[in-house]
Every structure is written in C-alpha cells, then in structure tokens.
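Report on the following structure.
Protein chains: 2
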Amino acid sequence: MKKVAADTRSSILAAAAAEFAAHGFAGASVDDIAVRSQFNKAMIYYHFENKLGLYVEILRDVFRGLGARTAAIADSAASPAEKIGGFLDAFNEMAATHPYMPPMMMREMAEGAVRVDPDTLGLMARIFGSLRRILQDGVAQGAFRPANPVLTYFSLVTPVIFFHASAPIRRALDRQQFVPVGNIDASVFVAHQKAIVLAALQPCHDGTAAGRPARQTTGVTAKTRKRTRSTRPGDHA
Amino acid sequence: MKKVAADTRSSILAAAAAEFAAHGFAGASVDDIAVRSQFNKAMIYYHFENKLGLYVEILRDVFRGLGARTAAIADSAASPAEKIGGFLDAFNEMAATHPYMPPMMMREMAEGAVRVDPDTLGLMARIFGSLRRILQDGVAQGAFRPANPVLTYFSLVTPVIFFHASAPIRRALDRQQFVPVGNIDASVFVAHQKAIVLAALQPCHDGTAAGRPARQTTGVTAKTRKRTRSTRPGDHA
DNA sequence: GTCTATATCGGGATAGAC
DNA sequence: GTCTATCCCGATATAGAC
C-alpha cells in the first residue's frame, strides 16, 4: 500500500502544507512533516533544498493559480459587478481547495512577508493589479464610483481570508459555548461580503453620510519614515 | 543609565511583545527578548513562569482593556451608528498604541488560538458580545436592519487588523515599486470601513440586489463534523 | 529513490554566585 | 533582584548503506 515514486513530492508537499498551516514556519517540524507524508526526513532533503524551499514552493504554487484566475476574470467580458464577485469567489475557492493557505497567508502577513521571494511577490502584485483594473473599468463604464483600490482590496478580500482561517477557533468557541457563533458556511459569508462591497461601489446612493465610502481624495501621503532595522528581519516595532 | 527594579517587568513585556509580533511564539527567542529588554535570560524566568506565561500575559492585558472599552461603548447613550464607529475606533486605537497586537492576533487566529487561555477567551467573547448588543439595540431602535453579528464582526473588524498588520509588507511593496500601494493612514482606512459597514446596516435602501447584505435567514447550520485530532494541537487539515 | 543513524547547533530552562 | 555559566533536549541537516 506504499505510494509510487512520482507521488512522493506531492505527498511531502501536502504534509508540509498542513504542518506549516498549523504551526507556522518556525513552529513546523521537519520530523513531523516526514511522519505526515509517510516518508522520512531524508526523503524531504532529497526532493527539496531545505525547509524554506519547501515552504516557498507551496506559496508560489497557489499564488500562481490565483494570479492566473484573477487575471482571467479581469480580462473577461463579464460586468464589473460580476467581476468583483468572481474575484472574491476565486479567493474563496482557493481557500476551500487549499485550506492551508489562509493560515499561511495570515502568518506571512504578520511577519512582513519575509519569506516571500520576489517571484511570488510579483504574483501577489499581479492579483492586486487585476482588482485595480476591474475597478478602473467599472468606473469607466459608469458602473462603479471611484474607489481607492488598496482600501477596496482590504475591505473585500481580507475578511474572507480571516473567515476561513478562523474556522478552528469558531468551532472551539461554539463547542465551548462561550459565545453562540454557530457554524456558518463560507459561501454565506462570501455572499455577504460581495453585497457589502458592491453596495459601497454603487455610483448612485441615497445621499446619507453612511453611504459614502472612502473619500477618493487619495489618503495617500508622502513617504517619509525611514525603516530602523533590528538584527533580524521582520521586526514590527 | 540602568532602569530601576519596578521597570524590569514592563521592560521585559515590551521586548517580548515586539519579539512575538515579529517572529511568532515559536519563532521568538527568549535570548533575543532578553537582549531587547536590556536584561538577561535569567531575569525573564525570575519574573515570569516561562515563555508561554509571558506570551499570554501580553495578550490578556490588551484584551482586558479592549473588553472594557468596547463594553463601555455598548453601554453608552450614543446612537447605534456612533457605537459602531466607536467600536471600530477602539480596535484601531488599540492597534496604534499596541502595534504588536495585530500580528499577534493574526497568528493566534491562524493556529486556532491554541495559546489563548479560557480567561482571555472569555474576554474575546465579551468583545463580540458588545457588538452583538450594539446591533440588537440598533435594530430595536429602527436604526439598523437585522444582521448576523458574526458576519458583521468579520466584515467590520478584521480588515482593520489586517491593515495594521500589513503595514510592513505595504511599505516593502511600495519601496520596491512592484505595485503603487502608497502610504495610507490607518484613520483613512477606518473611516472607509465604517462607511461601508454602516451603509450595509442602513434599514432603508434603494432596492438593488447589491444593497442587500447577508440574508438574515441564519446561515447557521447544525453542528455535525467531529474534530479529528492530530498528535499536536492547532492542526487545520 | 528510500532508509537508518548521526553530526551539530540553537534555544528553553536552571543553578548558584553576588 | 540581577548576573554568568551551564544543562539538555529538540530540530535542521547530512552521511552513507541498500
């Protein structure tokens, strides 16, 4: 019942993804990855350069797929609103098919993406660029009001990442009955997110202050602060 | 120029917070915390039980403050909309005064809050409960339409956490000019978030599908799945 | 390609002097 | 309360047989 050679790599990758998602890069143990993969530690170093090489390969694979899909959505003939929906669906389905990704993305964000190589960083930039194009096209077509793409990106995407990554703690909270958090399906949350953000992008509104999102007046200020570096990378303060 | 005794604990706590924020619990080094604190490792173990004790004390302190403040907002005489705004301001100001918290929260979420003791979990539940009361009161007063508090919590709060935690990577992206992400002030993003969510909570709208958020029809299903446990806590899949 | 055994080192925690 | 020196386990990575 042992796997054949070709599956070794993918078996190790899957085991590593689960381990990294659960414990982070530093907390992950190569020994445990070996056990999960049903192989042993030496196999990992035969197929991959080291722990970091394994890690970045996982990230890059997923971002590559996500980058291609979001770009296709931006290029499609769908309406701007449909594109926004499709953009969020892409993230949601990525999270569903690769459940290790939301935790890994949260952690990587938390430490300033110190382990993201330039290649993968480019893929992330490409994803953001697709959203920017969707928004621009929407404005050009009169479907959206002007909106800062950075603010929109965070409002739209990050709750879905957070929602997926929080599945374990939501289950724990519900089980221990500290708070009736329930068992909400991701598709429900995604629909909720789409509705909120699309409403805010509507060009015409009722005129209440609450209906007016992010003043388009940039919010972007001159870059002034210089980074003070510590002995190790990834420091916040 | 050496600090006096009473400051030792707080100096260690500050150093530990920075170290945990930058590298996570597993990645943080007690040696480095000692260096940062300008004391030595033995001092840490004199004042704290161990690495974990240090960690949970940092989390609990902040959540205690946040719990008190959000409860006060919920109990106040302000309008429902003002309470939502104040609730988000509380998170934003916490992030500004304790910049180590957003990364720590992101990581804790990512690993299923395995290091959150019941005491702190109760504080987190209290914070969520305050939002729930604000929403309920808003509906009772006719200021809000009914909304699932869990969905609303994620849509409202998590982008602000993410935004703060992403400050380093946004600076890096901007510096390396992969993508023109700019230097956006947190207050601008918070205003944007308030506007979006408050608009979605408005009881009257123009009737477009986009204006309708999360069907109140629960989205909560029966709890069925049993957790399959791995050898170590915090596993996702 | 796959395994066992081992080198090597960093890091959590402690002993004990002052 | 504060420090130096040290124990010791666990974790990355490698050597080398099959």
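Residue numbers (my numbering), protein chains in the order written: chain E, 1326 to 1562; chain Y, 1326 to 1562.
Using N, Cα and C, we set each Cβ at its ideal position, and we do this for glycine too.
Local Cβ density within 10 Å of E:A1346, reported as buried at 16 or more and exposed below that:
Position 21 of the first sequence, counting from 1, holds the residue named residue 1346 of chain E. Counting Cβ neighbours within 10 Å, E:A1346 comes out buried, since at least 16 surround it.
If you drop the 5 nearest sequence neighbours on each side, which residues of the same chain put their C-beta closer than 8 angstroms to that of E:T1533?
As a first step, residue 1533 of chain E must be located in the first sequence, where it is residue number 208. Confidence in E:T1533 is poor, its pLDDT being 44 and thus under 50, which makes the residue's placement unreliable; the coordinate value appears in the next sentence. So the list is empty, once near-sequence residues are dropped.
E:D1442 versus E:L1526, E:R1389, E:L1523 and E:A1340, residue with shortest Cα-Cα distance
Counting from 1 along the first sequence, the entry for residue 1442 of chain E is found at position 117. Of E:L1526, E:R1389, E:L1523 and E:A1340, the residue nearest in Cα terms is E:R1389.
Distance, Y:M1434 Cα to E:I1486 Cα
As a working note, residue 1486 of chain E is residue 161 in the first sequence. As a working note, residue 1434 of chain Y is residue 109 in the second sequence. Straight-line Cα distance between these residues: approximately 11 angstroms.
Please decide whether Y:S1563 counts as near chain E, where near means a Cβ-Cβ distance under 9 angstroms.
Residue 1563 of chain Y is absent from the structure shown; chain Y starts at 1326 and stops at 1562.
Take Y:V1464 and list the residues in its own chain whose beta-carbon comes closer than 6 angstroms to its own, dropping the five residues that flank it on each side.
The residue labelled residue 1464 of chain Y in the question sits at position 139 within the second sequence. Closer than 6 angstroms at the Cβ level, and outside the excluded window around Y:V1464, lie P1471.
Using CA coordinates, which residue listed in Y:G1437, Y:Q1501, Y:R1334 and Y:M1430 is at the minimum distance from Y:E1374?
Here residue 1374 of chain Y corresponds to residue number 49 of the second sequence, with the count starting at 1. Looking at the Cα atoms, Y:R1334 is the closest of the given residues.
Can you give me the Cβ contacts of E:A1353 inside the same chain, cut-off strictly under 6 angstroms, excluding the 5 residues immediately before and after it?
Taking the first residue of the first sequence as position 1, residue 1353 of chain E is located at position 28. The answer, listed in chain order, is E1344 and F1345.
Out of curiosity, what's the CA-to-CA distance linking Y:Q1518 and E:Q1461?
For the purposes of this step, residue 1518 of chain Y is taken as residue 193 along the second sequence, with counting starting at 1. For the purposes of this step, residue 1461 of chain E is taken as residue 136 along the first sequence, with counting starting at 1. C-alpha separation (whole angstroms): 20 angstroms.
For a cutoff of 9 angstroms on Cβ pairs, would you count E:R1432 as touching chain Y?
Residue numbering aside, residue 1432 of chain E sits at position 107 when the first sequence is read from its first letter. By this cut-off, E:R1432 is an interface position.
Taking 8 angstroms as the line, does the beta carbon of Y:H1517 fall inside it for any heavy atom of the ligand ZN?
In terms of ligand content, the structure shown is empty, and the ligand ZN therefore cannot be addressed.
Where do the N-terminal and C-terminal ends of the alpha helix (DSSP H) with E:F1416 fall, by residue?
The sequence position of residue 1416 of chain E within the first sequence is 91, counting from 1. It spans P1405 to T1422 - the alpha helix (DSSP H) in which E:F1416 sits, taken as one unbroken run.
Alpha carbon to alpha carbon, what distance is there between Y:A1339 and Y:D1400?
Residue 1400 of chain Y sits at position 75 when you count from the first residue of the second sequence. Residue 1339 of chain Y sits at position 14 when you count from the first residue of the second sequence. The straight-line gap from Cα to Cα measures roughly 32 angstroms.
Just to confirm, is the Cβ distance from Y:I1521 to E:V1439 under 9 angstroms?
Here residue 1521 of chain Y is taken as the residue at index 196 of the second sequence, counted from 1. Here residue 1439 of chain E is taken as the residue at index 114 of the first sequence, counted from 1. No.
Is Y:P1538 close to chain E? Criterion is C-beta to C-beta, closer than 9 angstroms.
Your numbering for residue 1538 of chain Y matches position 213 in the second sequence. The pLDDT assigned to Y:P1538 is 47, lower than 50, so where the model puts this residue is not dependable; a value taken from the coordinates is nonetheless given after this. Output row for Y:P1538: interface = yes.
Between the beta-carbon of E:A1421 and the beta-carbon of E:H1489, is there less than 9 angstroms?
The residue labelled residue 1421 of chain E in the question sits at position 96 within the first sequence. The residue labelled residue 1489 of chain E in the question sits at position 164 within the first sequence. Yes. Within cutoff.
Taking 8 angstroms as the limit between beta carbons, can you name the residues of its chain near Y:V1515, skipping five residues before and five after?
As a working note, residue 1515 of chain Y is residue 190 in the second sequence. Counting only Cβ-Cβ distances below 8 angstroms, and skipping sequence neighbours, we find L1413, D1414, N1417 and V1485.
Chain-ordered residues of the stretch 1377-1397 of chain Y with a beta carbon less than 9 angstroms from chain E:
none
Give me, in chain order, the residues of the same chain whose beta-carbon lies closer than 7 angstroms to that of Y:N1365; leave out the 5 immediate sequence neighbours on both sides.
The residue labelled residue 1365 of chain Y in the question sits at position 40 within the second sequence. Result list for Y:N1365: A1359, in chain order.
Three CB pairs or more closer than 8 angstroms across the stretch 1500-1510 of chain E and the stretch 1498-1508 of chain Y:
no
Could you list which residues in chain Y have their beta carbon closer than 7 angstroms to that of E:V1475, in chain order?
The residue you call residue 1475 of chain E lines up with position 150 of the first sequence. Going along chain Y in sequence order, the residues near E:V1475 (Cβ under 7 angstroms) are V1506, G1507 and I1509.
Would you mind stating whether E:G1437 and Y:P1424 have Cβ atoms separated by less than 9 angstroms?
Counted from its first residue, the first sequence places residue 1437 of chain E at position 112. Counted from its first residue, the second sequence places residue 1424 of chain Y at position 99. Not a contact, by the Cβ cut-off of 9 angstroms.
Tell me the DSSP secondary structure of E:V1482 in three-state form.
Reading the first sequence from its first residue, position 157 is the one you call residue 1482 of chain E. Note: E:V1482 maps to helix in three-state DSSP.
Express the C-alpha separation of E:G1447 and E:I1383 in angstroms, rounding to a whole number.
Start at 1 with the first residue of the first sequence, and residue 1383 of chain E comes out as number 58. Start at 1 with the first residue of the first sequence, and residue 1447 of chain E comes out as number 122. Each residue's Cα considered, the two are about 15 angstroms apart.
Might you give, ordered along the chain, the residues of its own chain that have their beta carbon closer than 8 angstroms to the beta carbon of E:A1511, omitting 5 neighbours on each side?
By one-based count along the first sequence, residue 1511 of chain E stands at place 186. Closer than 8 angstroms at Cβ, skipping near neighbours: N1417, A1420, A1421, V1485, F1488 and H1489.
E:D1444: buried (16+ other C-beta within 10 angstroms of its C-beta) or exposed?
Here residue 1444 of chain E refers to the residue found at position 119 of the first sequence. Its Cβ having fewer than 16 others within 10 Å, E:D1444 is exposed.
So, helix, strand or coil for E:S1362, using DSSP?
On the first sequence, position 37 is the one that residue 1362 of chain E refers to. It is helical.
CB of E:A1525 within 9 angstroms of CB of E:S1455, strictly:
For the purposes of this step, residue 1525 of chain E is taken as residue 200 along the first sequence, with counting starting at 1. For the purposes of this step, residue 1455 of chain E is taken as residue 130 along the first sequence, with counting starting at 1. No, these two residues do not count as a Cβ contact at 9 angstroms.
Straight-line gap, E:M1368 to Y:Y1380 (C-alpha atoms, nearest Å)
Position 43 of the first sequence, counted from the start, is the residue given in the question as residue 1368 of chain E. Position 55 of the second sequence, counted from the start, is the residue given in the question as residue 1380 of chain Y. Answer to the nearest angstrom: the Cα atoms are 35 angstroms apart.
Spatial neighbours of E:M1430 within its chain, please: CB distance less than 7 angstroms, with the 5 preceding and 5 following residues excluded, ordered by chain position.
As a position in the first sequence, residue 1430 of chain E is number 105, starting the count at 1. Cβ within range, chain order: I1486.
Consult DSSP for Y:Q1466 and reduce its assignment to one of helix, strand or coil.
Taking the second sequence and counting its residues from 1, one reaches residue 1466 of chain Y at position 141. In this structure, Y:Q1466 counts as coil in the three-state DSSP scheme.
Could you name the residues of chain E that Y:T1483 contacts, counting a contact when the two beta carbons are closer than 9 angstroms?
Residue mapping note: residue 1483 of chain Y aligns to position 158 of the second sequence, counting from 1. Going along chain E in sequence order, the residues near Y:T1483 (Cβ under 9 angstroms) are T1483, P1484, I1486, F1487, F1488 and S1491.
Mapping DSSP to helix, strand and coil, what is E:V1441?
Residue 1441 of chain E sits at position 116 when you count from the first residue of the first sequence. If DSSP states are grouped into helix, strand and coil, E:V1441 belongs with coil.
Taking only beta-carbon atoms, is Y:D1332 less than 9 angstroms away from chain E?
Along the second sequence, one-based indexing puts residue 1332 of chain Y at 7. False, the Cβ-Cβ gap to chain E never drops below 9 angstroms.
The alpha helix (DSSP H) spanning E:P1493 covers which residue range?
Taking the first sequence and counting its residues from 1, the one referred to as residue 1493 of chain E is at position 168. First-last of the alpha helix (DSSP H) with E:P1493: A1492 to R1500.
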